[in-house]
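First comes the structure, then the notes that go with it.
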Amino acid sequence: MMAESVQRRFCTTGMLTRELDQAGRTGTALPRKALTPLLAGARSVAEADAWRLWRRSGLPPGHWNVPIFDANGNYIATPDFWCDEIAFAWEIDSYRHHADPAGHRATVARNARYVAAGIVVLQTLPSRLRTEPEVVQRELEAAFRTAQARPRPNVVIKWAA
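Mind the numbering: the sequence shown is residues 13 to 173 in the working numbering, read in order.
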């Protein structure tokens with residue numbers, strides 16, 4: 013519920029944090045735990061699940077939902093997760109947001125931009141984060157090693173002003 017409220021811009025993570033701080037500690041442990049991935053930049057329940065899986069994996073920290081550009085300043089994508097040290101993107105792609113013709117077209121175009129820029133990207137269905145987390149973690153580790161094994165492409169994060 014918190015992720016959806018933030019995603020739909022009904023509130024910010026700062027507003028939720030203040031509400032929890034005003035409520036005190038009693039009865040707020042679960043909401044605080046749910047808020048942690050959102051504070052890190054996750055925008056959905058699926059991304060919060062992905063955040064937890066990434067943390068458990070022991071792989072280096074990264075960034076959530078940051079825009080990536082090529083050396084000429086052309087927009088590539090805003091991956092759900094980005095490991096900048098090796099230019100690795102992780103996308104949590106649901107049927108709901110990518111299966112209609114426009115969503116599918118946008119996803120295919122995004123993936124073409126990743127490939128053209130030399131970025132290793134792993135796509136994961138949200139349901140798999142809960143039904144087969146060990147398999148997803150192995151896929152993450154394999155994709156990470158693949159990204160590590162090649163020269164890092166010349167791409168950059170453009171932070172919001």
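By construction, the Cβ of each residue, glycine as well, lies at the ideal position given by its N, Cα and C atoms.
Residue range of the unbroken alpha helix (DSSP H) whose run includes Leu65 = Taken as a continuous stretch (DSSP letters only), the alpha helix (DSSP H) holding Leu65 covers 57-69.
Top-ranked residue by Cα proximity to Glu153, from Trp66, Leu137, Arg164 = Across the set Trp66, Leu137, Arg164, the C-alpha of Trp66 shows the shortest separation from the C-alpha of Glu153.
State the beta-bridge partners of Ala89 as determined by DSSP.
-> Answer by DSSP bridge pairing, in chain order: Ile80.
Whole angstroms is fine: what's the gap from Ala166's alpha carbon to Ile80's?
-> According to the sequence displayed, residue 166 carries Asn and not Ala. So the two alpha carbons sit approximately 10 Å from each other.
According to DSSP, residues forming a beta bridge with Leu134 | As DSSP reads the structure, Leu134 sits in a beta bridge with Trp102.
CA-to-CA distance, Ala155 to Gln149, given in whole angstroms = Approximately 10 Å between the Cα atoms of the pair.
Go ahead and label Gly74 buried or exposed: buried means 16 or more other beta carbons lie within 10 angstroms of its beta carbon, across all protein chains shown.
-> Using a 10 angstroms sphere on the CB of Gly74, the tally of other CB atoms reaches 16 or more, which defines it as buried.
Verify the CB distance criterion: does Ile169 have a CB-CB separation below 8 Å to chain D?
-> This model lacks chain D altogether; it includes just one protein chain.
Can you grab the Cα-Cα spacing for the pair Gly115 / Arg122, in whole Å?
-> In this structure, the CA atom of Gly115 is about 10 Å from the CA atom of Arg122.
Rounded straight-line distance, which links the Cα of Ala58 to that of Leu141 = Linking Leu141 to Ala58 through their CA atoms gives a straight-line distance of about 8 Å.
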